[in-house]
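For the sequence shown, position 197 matches number 197 in full-length UniProt numbering, and the numbering has no gaps at all.
Using N, Cα and C, we set each Cβ at its ideal position, and we do this for glycine too.
Contents: one structure, followed by commentary.
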Amino acid sequence: MNDTRSPLQTIVIYLGALLILVWSGGPFIWQFSTSFQLDKALTSGSPSLIPAPFTLEHYYNAFVEKELHRYVWNSLVVSLATTFLCLSVGSLAAFALSRLNVRGRFGILMVILSVSMFPQIALVGPLYLVASNLGLLDTYTALIITYLALGLPLVTWVLFGYFETLPREIDEAARMDGVSVPGLLWHIILPMSLPSLVTTGLLAFITAWNEFLFALAFTSNIDRQTIPVGIANFTNLYYVPWGDIAAASAVVTVPLIVLVLFFQRHIIEGLTQGGIKE
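Right, here's the structure in full:
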């Protein structure tokens, strides 16, 4: 199709895109700028976006004095384990509900979705008691199980929507070739659903990476505390180290930005195709 937009419409579109970019990226730009400025510059009457002088002091404080790398490792272990389990269990659930003859499948989907509707503040108390009685406090296991419950409904729903778009003729052809049900999932459905797997995996990873409330309740020492809790521990009663917090936030935000930019094509494809029924 030929582009019939007028020059004025094109200008308006680009200005709108630029406004959205500034609005969305402005806080990140200011955060990165803050991480490279001295404390006295951050508390001055007229803060500047350009660091003058430029310093890496806050990154040194975050990694050496406050041991940020230990929080990063804990978050990485928990987030990767949560993502793997969410994709494993979610793909099985979505496949069974989409491709197998399961009675009341939409009722089951509604029950699965209802789990994510409970406010976290209402769940943290009972879950803390359960974790304490089972001896799971200050362990990765408590966080992984909790994050699995948080991420699994979204993963199941998105994968179910994507599986529904795949032609049923694929299943019939596979059965005629003697492919078993597990083989249908592993060798045919999952390879065809790569965009949706990338999307749901990334969403599950980000959810676990950024979660704060349960990590704060279930962990009490640096050996198991995740990044959000670690950054919150930077402050004390009389002083808030804004530069150190900005440096730590920049370190943990960059990987997420890189992942989203790298997989953006798969993310868009996975989210859009799941809502189209062929």
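Element boundaries [alpha helix (DSSP H), containing residue i]
i	result
Tyr140	140-165
Glu172	169-176
Met110	105-115
Lys40	39-42
Ala96	68-99
Asp244	242-262
Gly25	7-35
Ser196	194-210
Ala45	It is Gly, not Ala, that sits at residue 45 in the sequence shown. Segment: none, Gly45 is in no alpha helix (DSSP H) and carries neither H nor E.
Ala52	From DSSP, Ala52 is part of no alpha helix (DSSP H); its letter is neither H nor E.
Pro228	227-232
Val124	120-133
Ala215	213-218
Residues near residue i in its chain [Cβ-Cβ closer than 6 Å; skip 5 each side]
i	result
Tyr128	Ala217
Thr83	Gly201, Ala204, Phe205
Met1	Summary for Met1: the model assigns pLDDT 46, below 50, so the residue's position carries little reliability, and this model does not support an answer.
Met117	none
Val258	none
Ala41	none
Ala17	none
Minimum C-alpha distance to residue i - residue among the options
i	options	result
Ile227	Ser33, Lys66, Leu259, Ala52	Lys66
Thr34	Gly25, Pro47, Thr139	Pro47
Val64	Val260, Phe234, Gln264	Phe234
Leu256	Ile170, Leu15, Ser75, Pro195	Ser75
Ile268	Thr219, Leu166, Pro195, Tyr140	Pro195
Glu169	Ile112, Ala131, Arg99, Ile245	Arg99
Leu152	Leu8, Ile112, Ser44, Tyr14	Ile112
Supposed close pair residue i, residue j - CB separation, criterion 8 Å
i	j	result
Gln31	Ala250	6 Å
Leu85	Ile144	7 Å
Gly183	Leu68	Going by Cβ atoms, the distance from Gly183 to Leu68 rounds to 45 Å, so no, they are not a contact pair.
Ala149	Val115	6 Å
Ala62	Ala208	Actually they do not touch by this definition, with Cβ atoms about 21 Å apart.
Val252	Val72	7 Å
Glu211	Tyr147	6 Å
Phe214	Ile189	At roughly 32 Å, the Cβ-Cβ gap does not stay under 8 Å, so Phe214 and Ile189 are not in contact.
Thr43	Asp138	The Cβ separation is near 36 Å, so there is no contact.
Own chain, CB closer than 8 Å to residue i, minus 5 neighbours either side, in chain order
i	result
Thr55	Phe36, Gln37, Leu38
Val12	none
Leu109	Leu97, Thr156, Trp157, Phe160
Pro119	none
Val102	Ala96, Ile108
Lys277	Residue placement at Lys277 is poorly supported in this model, since its pLDDT is 46, which falls under 50; the coordinates are not used for a value here.
Ser88	none
Tyr59	Ser35, Ala247, Val251
Own chain, CB closer than 7 Å to residue i, minus 5 neighbours either side, in chain order
i	result
Ala93	Thr156
Ala122	none
Arg265	none
Phe262	none
residue 279	Given that the chain is displayed from residue 1 to residue 278, the structure contains no residue 279 and the question cannot be resolved.
Gly275	Note that Gly275 scores a pLDDT of 48, beneath 50, so its modelled location is shaky; the value from the coordinates is reported in the next line. Closer than 7 Å at Cβ, skipping near neighbours: Gly161.
Using 8 Å as the threshold, is the stretch 236-243 in touch with the stretch 216-228, meaning 3 or more CB pairs across them? With a cut-off of 8 Å, the stretch 216-228 and the stretch 236-243 do not count as touching, because too few Cβ pairs lie within range.
Quick check: the stretch 152-167 against the stretch 87-105, are there 3 or more CB pairs under 8 Å? Taking 8 Å as the limit for Cβ pairs, the verdict is that the stretch 87-105 does touch the stretch 152-167.
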